[in-house]
Structures are given as structure tokens and as C-alpha cells.
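Student: As they're listed, the protein sequences go chains S and L.
For our numbering, add 7 to where a residue sits in the first sequence, where the first one is 1.
For our numbering, add 81 to where a residue sits in the second sequence, where the first one is 1.
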Amino acid sequence: MPYEIIISTTESLISELILSDPNKPDSLKRLLPILKCIHTQCTKAALNFEAKKILTARHIIDSILKNGPTINGSRFSDLERILSEFRDQIKRLDPNELDKAIEMEVTKKPDDETENSEYSELEVKLDALSMLIAGFCPGEIPDLGQMLNTLDDLINISQDSDLKIFCDISKCCKAYIEEMTLKNLDDTNPVEEVITLLKSILTYSKKGEAFTFDYSDVLEMLEENLSRDDIKEQSAQIEKEDTDHTIQSAPEKISDDDMEILTDFISEAEENLNTIEVSLIELEHDPENTDIIDDIFRPFHTIKGVSGFLSLTKINKLAHATENLLDSARSGDFIISHSVTDTILASVDTLKALLDRVKQGIQTGHSASDDDIDVDALRRHLTYLQTSLTKGGKEPLGQIFVRKKELTYSDLDQALEIQNKNSHKKLGEILVEEKKLAPEQVASALMEQSPVKKKMDVQVKVSTQKLDDLVDYAGELVIAQSMLRQQTQSDALISKTVSQLGQIVNNMQNIAMSMRMIPIKATFMKMIRLVRDLSRKSGKEIHLSMTGEDTEIDRNVVDALYEPMVHMIRNACDHGIEALSERSEAGKPAQGNIHLYAYHKGGNIVIEIEDDGKGLDKDKILEKAQSTGLIQGDEQMTDAQVFDLIMQPGFSTAKQVTDVSGRGVGMDVVKDGIEKFRGHLSIESKKGKGTKFIISLPLTLAIIDGMLVGVDDERYVIPTIAIQKAFKPGQGEYFTVENKGEMVKDRGSLIPLIRLNEIYGTSNNKKSIDACLVVVVESKEEKRAILIDELLGKDEYVIKSLGHSMDDIQGIAGGAIMADGKVGLILDVDGIFSIVSQK
Amino acid sequence: MTKDKSPMDQAIKETSIKNGKYLTFSLEQEEYGIGILKVKEIIGMMPITSVPRTPRFVKGVINLRGKVIPIVDLRAKFGMESIPYTERTCIIVVEIDSKDATVLIGIVVDAVSEVLNIHGDEIEDTPAFGTHLDTEYIMGMAKTEGGVKILLNIDRVLSIKEIQNIQGVM
């Protein structure tokens, strides 16, 4: 039968087409209902290919209707061609077979019907709906009406048969289609999504399983187009969604597989929730820190995802709502306030309670009921917060006037009444017209109403590797630029451009460098916690204060600083600050103080750790050093040298080994750590008054100020920081001891001489001192003179590691690329000294 | 976790590693090969800054576009007589896997020959030469039309530890 219908309608379609006038596109409208009829029949008969043809024909008509008669000629012939093709196709089909297929379809259906009449009914309706959507063209109100009718049927049937989710989604969809009718929307995507969703729900229900997937995205799609203003509607909808799940929560047995996943989920979720709590408290102090918001957002997201999978609907819903709120906060829609953190904390608590239920369920083997835990109120609150805050959460304008005492309540009420009658007028306008307020007052109140969001630098996260690479390349650019400068010195015009380039390059390098700078505050903050813990443990009262915590420092240097600082703070707490009784005996306040300073000083960052404890006992140190054989006996030592002794390996003056410090591995580790980063550690101490550890580290580890010197064929860079002076020794300023140990005399003091080629073994020629210069270098109050051939200049060098394999070569701090592109070696003065002393 | 692979797995991995493309180069009269995936680039000879207190086979360091990389003379490493560098002398920059990172190291060879596709069954295990020749870093011997190529396990040839260890030895 359908075959005949198709044939006859096709014939009438063709005749209509011939009759219609190409110049009057409106006449084509008559074709549309016929096309639709054919389409429906085709889909019924499972003639998908043919149905598609009809759809194309239809799109052509649409475009003709839209674009007017200008390009109609060709379009029109296209249409004619398609339709005649279609007719031929239809005629070629075997009518008997076709009808048989249709009959099969029909006969199949009753089978199901006997078992599940509602489902098949729903299915039929859904099919009808999907057909309507597929054939829908914008602006066809009657079609929409038909859709609404179908949806109504769906809603009715599903209501009768306990398919709550199905019913609710259909309702939402209906609301959307109503919206489409009213506002002439033509986006049918959401409806199509709904149909697929409904179909899958149906298959689940048929099998007797609960549908537990997260379908919120589909609802969101629907809602996106609905007017958002009405919060009530949204929350009402949430309620609707919720009611459906009470049916499913009848105690069921938990299978073993689920058990495993559930256990994992719970432990993970609990851990997540605990981190959320901590982060939330941090967030209260720093509400705009998106990193923290991210930290909170992620766990909620995970919980939402996994709980959805495990059909823990309440947890899923609540986590979802919270996640939404955080998401808007994260995207900067509003700034997190205390009310928001409170609400999130409340939802954390509720989630914990829900998790407890699940845990009980695991223990008993049956899922525990969580009906008594109410998540709806909380969710409504979360949604409300999200919507109201996103809108701006403004204080009503009238309220502002009243608060500022520019307006009385009665005046305000009057104005509001006028506004009620005259709804398009704004409150401010009315007030000005009524001469209640000056325009300026209104303006200022309006400004106040929309608080200027604190302008935040948009920040991005960049991997440190990329940052380091950038710094590397910036350094390279500097080198390349200086090479260029040398090569183009002769040409005035080019060198002008080159110097311009140089400026840009320098700026770029500065920025690249500054990107790695972070305030030292974070490291200092960690010390507060440390001191608190230590003072608890040792029973001393210790207070930590700090100055200059905003001082910026290279990120790598911060890492270098942390460990040594921990060591030294421990030392100060354990050995420096005396016990309470000792302190009161010495007439000091009971509370011990540790003060941290940070400041820049000549290209270095200096960190001082000062305590008001008992100070270092010089005699004790000397005694200990003698007993351990570090020093021989009555050596003449400066204070600094004595204090340096405590930084020798295996030296510890603490009488008692505590678990905090005093195992004899302390200060030497600290010193090594700092010196590895070209830093310097010195100690100042007064017995009974306190000790001060002074760490000085280069601001950046990437650049060094150095003097380029030539020795034989090699060139070396000596860090300027170590250089005392350079001079040419005159007659009688050079001595030898036993013809081996060489020394030079500089203003009365004798300085041992180092020949680099000897200690490095580069060559054996012993040059005469007369032809050479000496550079006096100092490290740890020791001086040595290094014999060089010539001074080649002073510059800033980008330090390059020689690679993993050669990082620790004694006497070499690294490499630097010279202006000619060759690698020069940077001397490590300390290392050279120790090589010399080993010999 | 990755370290505790069964010997079987390791054996499979090694054979599959052996199969593949090799960059061959000459040293003295001998032909050597390194797995092509290990090779980063080949550059001509350039000024090398010697670094003191390193083993003799470490020629020094070069500036490879801003990165300082160490250079190892393979002749010196294999105890061959050193010859003056010619026009054909090349530096092959290879990637060495070390414990925490991959590092670039340049190796000086007499000349680079070609890239060969060597099949797994053309490769024979290294015969034992006795005590006078350490075969630990030889992956195998490939019998090709052009003769026998000695396939190097470059990670072992240039073990970082070895370069580090010789500190102070001079």
C-alpha cells in the first residue's frame, strides 16, 4: 500500500512542479507538504536512499525561497532533475517486495506489544518525532505543533508507566520546542540529541535496567537556548530530575566487580575531599588565585565523573552542581566570597556523608539508602549562587541610595511605584526626573553598583623547560648579536642598526630572565611552619619574623635555598635558641626570635638568618676541632675561619644528638649546597648574643660577570666576584720557596702563586713571571695569585653547563660562549684552591 | 618497574633493536655503525675547547648553537693512534641515555660513510676476543656486502660514568 501512495503522490508532485512558475518562488511552497508526505512514506518503507533525495529537493526549494528568483533558473532545473530521478527510482522498485517489507515491519511490532505495550508505543512516537525533526524546515509552525503533540503523547505515556527520566526530559524538550515556536529558533540539534537520549533510555528500560548515565549535557543544550533568567524554573527542573531516582534506590545487592570499583572510588574521593578542604581555606585568603580554584575544581570533576559511572546519583548531582559553580568562578565570572566557600564546604560535608553511606553499603554488601540525606536544597543553593553571582550579584540601586542616605525609603518606594507603572524607565531616570537626586549621584551609585573587578594579570602556565629554553636562546641571541657587532664595526650604517638590535635583544633577555624570578616569600612561609613544629617539639618558644620577603629571586635559586635554610633553621631552633631556663638566667625574654632577611646586594641575593640564641662558642669549636684533628693546635685563625670549621664535614658541637639536628652532617651539607650554586655562606656570631648566617647567592644562575683571561692558547673566564686585583709584578715582588712554591708580594702581603697550566695539565712550559700578569683571587678569606698571559676583557657571560658528564670537574664552574662562538671555560676559584691544597 | 623486565623481554627488545637502519662511519680501516635513531646530526669539524681534568679521549667541548656539548674522540677512546683532522673528519652528535636525562655528545670519526639498512639476521653476536678486547659496547657484527660493520652500542661506549670517573686522573 505505501508504495501506491508514494507513486501517486510523486505523480502529483511532478505535476505541481510543472505548474509552478519559476519566477514566482512562492508557488513552490505548495510542493512542501507533498514532499513531506512522500518523505514520511519513504522512511516508513525503509527507503532511506529515496528519503534522502526528497530531503535534497526540499533544501533546494528552501534556498530558492530564501534567495529570491535571481539564481533560480539553474536551481529550478536541479529540482526538476532530482524529482524525475526520484520518480524513476520509485517506479523501478518491485512493489510486492516493498509492501512485504513493510508488512514485516508491521507484523514484528505486535510481538513486543504483547509484552510491553507502552514501550513500543513510546518507540513509535519517538520515531515519528525523529522523522518530524529530520524533515523540519525553519519557520514551519505546523510541524512544530505536531512535534509538541507527539511530545505530549510521550509525556503522558511515560508518566503512566513510571518512566520518570523519560518524562522529564520530554518535558524539557517540549519547553525547548515551545521556545523554538516563539522565537523562531531553527537549531534542531538539541532536539535530535534528546531523541537519541530518549531512545537509549527506552532500550535500557526495556531490558529492565536503570538508566544511569549523565545526561546533563543534553539538558544544558536545551537550557542554553531557554531564557536563563528564571532561576526558579531551573531549580524546579533540578527537583524534577531528582525525584526520579528515589525509585531506583531500593536496596540492591552490590556485585563483586562493583565492590572493587566502589572501594577505589571511595578512597580516592575521600582523599580528594580532604585536599579540597585544605585548598578552600587557602582560597579564602587568596580568592582570585585560579590555581587554587583549579585544585578544587579537579577533584569535584573526578568525583562527578566516577560517581556518574557508578550510578551514585546523589553524589553525582551534587558534585556536578558544585563543579558548575567552581567552573564559573574559574572562568572569572565572579570572585569567590565567603558565602561561596561556605557552600562548597557544605557540599563537601554532604558528599562525605553520602560516601559514608556507600561505605556502609560495601560493608553490608547491600547498597545503603541515602534517602534521608538531602542534596536538593544544597544544589538549589549552589545553582542560585552561580546564577546570581554570574549576573554580577549586584546590590539593588535603590539600596545604595538609602545606604548612602541620599534617599529615604518612602522616596524610594514612590519611585519604584512609578517604575512599576512605567516599566521601561529606569529607576535612576525616574529619581532624577522627580528631582530627588542629582544625575551625578545616580552616576556614582551606578559606578558603585558594578564594582570594578580587580584587574588581574592574565597568567599562563608555562613549563619550566620552555622557560629555560627561552632564557637559553635569549642568551644565544646576545652572543650572536655581539658577534655581529664585532664583525660590522667598520660599517657605520650597519653598526647603528646592530646597536638598535642590541637594545631589543637586551630587553628581551631581561624579560626572559625576569620570567624566572619569583618572590622568596613562598620559601619563607614554609619556614614559619617549620619553626612552629620545631618549637613544639623542643618545648621552646620561638617566633619567626621576616623582612624583605617580596624580594625576587631566580626560580632555580629558590630551589637551591630551600634545603640549606631548613638545615639552618633547624640548627637555630635546636642549638641556637636556648632552653627556657637558660634564657631567663641570661636575662633574655622567654620567647626566642629568629629573623629572616632577604635583600639584593650587588647582583646577589642575600638571605640572613639571625637568631638571638647563645651564639657560637669559639673555644668549644677550637677544642672540638683539635680533638677531631681538623686543626693541629695553636694555629692563628680569624673568627671567620673558626666559624668555618663548623662547616667542615664531620663536625658537630651539639652534645646531644636529637632527631632534629646534630648528627654531624649539617653545616657541611649546607655549605656544599650553597656553593654549588656559586653562593657563599658566612657566619657572624657573638657569644651569648646570637648567631647570624649569611647566605649570598647570585640573583640568577644563568649569567655571570667575568674577566676573560688568556693563558697559553686557552681562554678562561674568572668570575669578577672573586677577583681582588690584577697587576704586573715588578722586580723583587716574586719569590720562591725551595725553588718550588712560588709567591708574589702585594703591598706587603705574600700571596701564593698558581699556574693554571700546571694544575690543569695543559702544558708544561714554565713562563717567566716577567712576561705575565697576576690576578689576585680570593675565596673564604684566602688569597691566591693566578698567573695569566693577558687580560682580554670584562663581560657578562651566559653560563652553560658542560653537560651531565662534565658537571663536577674540579676547578671548572662551567662553560661560556665567547664572542667568536667558541666555548670558554669559567674557573671555579674554590675548586682551584682545593686542587692546590691537595698537592 | 621498567627495570625489572624478564630476561625474555629484554632479549626480544634487543633483537628488535638490532634490526634497522645504521649510520656507518670509518675509523682507521674499520667500519662502524650506530643505530640511526641515536644520531642527532652530523657536523663538520669545528674549534674544540679542551677541558682540563678529563680523560684523554674527551677532546673538549663545542658550542652547538648555544648548547655546550662534550666531544669524544673515538680513535682515542678505542686506543687507536690519533691522526690530524682532515676535511672528511666529522663530528656525529649522538643522543645518550643517562639515568635522568638524555644528553648530547659529539663523537669525532674519520669519515661518515652511509646509512645502511641492516636486517636482524645479518647481525652476528659479538665473538669473545679474550681479555685484550672489551666487547661490552659492541652490539654485534653485521655482515654486509661492503664488508663487516661493527655495530656499537653507543650508550655503553660513551657511558657518562666513565667520562666523570676520570676526574683528577688527567
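For each residue, glycine too, the CB sits at the ideal point set by N, CA and C.
For clarity, every value in this text was computed on a predicted model and none was experimentally measured.
CA-CA distance, N234 of chain L and I761 of chain S?
Tutor: 42 Å
Student: For R134 of chain L, would you say it is in contact with chain S, using Cβ-to-Cβ distances shorter than 8 Å as the test?
Tutor: yes
Student: Three or more beta-carbon pairs under 8 Å between the stretch 174-189 of chain L and the stretch 153-162 of chain L, yes or no?
Tutor: yes
Student: Name, going along the chain, the residues of the stretch 142-175 of chain L whose beta-carbon falls closer than 8 Å to a beta-carbon of chain S.
Tutor: Among the residues of the stretch 142-175 of chain L, those with a Cβ less than 8 Å away from any Cβ of chain S are V142, I143, N144, R146, G147, K148, V149, I150, P151, in the order of the chain.
Student: With a 10 Å radius around its C-beta and 16 neighbouring C-beta atoms as the bar for buried, classify P165 of chain L as buried or exposed.
Tutor: exposed
Student: Pull out every residue of the stretch 510-526 of chain S whose Cβ sits closer than 9 Å to any Cβ of chain L, in chain order.
Tutor: Under the 9 Å Cβ criterion, the stretch 510-526 of chain S contributes no residue.
Student: Among S:T394, S:D383, S:I322, S:A328, which residue has its Cα nearest to the Cα of L361 of chain S?
Tutor: S:I322
Student: Tell me which residues of the stretch 769-784 of chain S have at least one Cβ-Cβ distance to chain L shorter than 7 Å, keeping chain order.
Tutor: T769
Student: Using a 10 Å radius around the Cβ and a threshold of 16 neighbouring Cβ atoms, would you call E195 of chain L buried or exposed?
Tutor: exposed
Student: When the distance is taken between beta carbons, is T769 of chain S closer than 8 Å to D719 of chain S?
Tutor: yes
Student: Does any residue of chain L bring its CB to less than 8 Å from the CB of Q391 of chain S?
Tutor: Strictly speaking, residue 391 of chain S in this sequence is Tyr, with Gln absent from that position. With its beta carbon at least 8 Å from every one in chain L, Y391 of chain S lies outside the interface.
Student: Less than 8 Å between the beta carbons of L798 of chain S and V716 of chain S, yes or no?
Tutor: yes
Student: Bridge partners for R722 of chain S per DSSP, in chain order?
Tutor: Among the bridge pairs identified by DSSP, R722 of chain S is matched with S:G717.
Student: Buried or exposed: K311 of chain S, going by 16 or more other Cβ atoms within 10 Å of its Cβ?
Tutor: buried
Student: Out of S:S137, S:V805, S:H66, S:T63, which one is the CA nearest neighbour of A487 of chain S?
Tutor: S:V805
Student: Taking L145 of chain L and V120 of chain L to be in contact with their CB atoms under 8 Å, please state how far apart those CB atoms are, rounded to whole angstroms.
Tutor: About 14 Å; that fails the 8 Å criterion.
Student: Using the rule of at least 16 other Cβ atoms within 10 Å of the residue's Cβ for burial, across every protein chain shown, is F840 of chain S buried or exposed?
Tutor: Around the Cβ of F840 of chain S, a 10 Å sphere holds 16 or more other Cβ atoms; the residue is buried.
Student: Using only the alpha-carbon positions, how far apart do G221 of chain L and I824 of chain S sit?
Tutor: 39 Å
Student: Can you tell which of S:T371, S:R364, S:D363, S:T357 has its C-alpha closest to the C-alpha of A384 of chain S?
Tutor: S:T357
Student: Count the other CB atoms, across all protein chains shown, that sit within 10 Å of the CB of Y606 of chain S; report buried if there are 16 or more and exposed otherwise.
Tutor: Taking all protein chains shown into account, Y606 of chain S has fewer than 16 neighbouring C-beta atoms within 10 Å of its C-beta and is therefore exposed.
Student: Compile a chain-ordered list of the residues in the stretch 794-825 of chain S whose CB is closer than 9 Å to at least one CB of chain L.
Tutor: If the cut-off is 9 Å between Cβ atoms, the stretch 794-825 of chain S has V805, K807, S808, L809, G810, H811, S812, M813, D814, D815, I816, Q817, G818, I819, G821, G822, A823, I824, M825 near chain L.
Student: Is the beta carbon of I601 of chain S sitting closer than 8 Å to the one on L537 of chain S?
Tutor: no
Student: Once DSSP output is grouped into helix, strand and coil, what is the label at R492 of chain S?
Tutor: helix
Student: If you pair each beta-carbon of the stretch 493-502 of chain S with each one of the stretch 516-523 of chain S, do three or more pairs fall below 8 Å?
Tutor: no
Student: Please classify G192 of chain L: does DSSP put it in a helix, a strand, or coil?
Tutor: It should be pointed out that residue 192 of chain L corresponds to Ala in this sequence rather than to Gly. The answer is strand: DSSP assigns A192 of chain L an E or B state.
Student: Buried or exposed: Q393 of chain S, going by 16 or more other Cβ atoms within 10 Å of its Cβ?
Tutor: buried
Student: Using a Cβ-Cβ cut-off of 8 Å, state whether V184 of chain L counts as contacting chain S.
Tutor: yes
Student: With C-beta atoms as the reference, is T157 of chain S less than 8 Å away from K178 of chain S?
Tutor: no
Student: Rank S:I702, S:F700, S:K699, S:V724 by C-alpha distance to the C-alpha of I710 of chain S and give the top, closest one.
Tutor: Comparing Cα-Cα distances from I710 of chain S to each of S:I702, S:F700, S:K699, S:V724, the minimum goes to S:V724.
Student: Which chain S residues are close to T130 of chain L, counting only those with a beta carbon under 7 Å from its beta carbon?
Tutor: Those within 7 Å of T130 of chain L in chain S are K829, V830, G831, L832.
Student: May I have the straight-line CA-CA distance separating K544 of chain S from I219 of chain L, to the nearest angstrom?
Tutor: 58 Å
Student: Along the chain, where does the alpha helix (DSSP H) that runs through V132 of chain L open and close?
Tutor: Neither: V132 of chain L is in no alpha helix (DSSP H) and is coded neither H nor E.
Student: Near E278 of chain S, which residues of its chain fall below 6 Å by C-beta distance, leaving aside the five closest residues on each side in sequence?
Tutor: In the same chain as E278 of chain S, and ignoring 5 residues on each side of it, no C-beta atom comes closer than 6 Å to its own.
Student: Return the residue from the list S:I793, S:D802, S:G800, S:K829 that minimises the CA-CA distance to G818 of chain S.
Tutor: S:I793
Student: Which stretch, first to last residue, makes up the alpha helix (DSSP H) that contains M654 of chain S?
Tutor: No alpha helix (DSSP H) contains M654 of chain S, which DSSP labels as neither H nor E.
Student: Grouping DSSP H, G and I as helix and E and B as strand, with all else coil, what is A820 of chain S?
Tutor: strand
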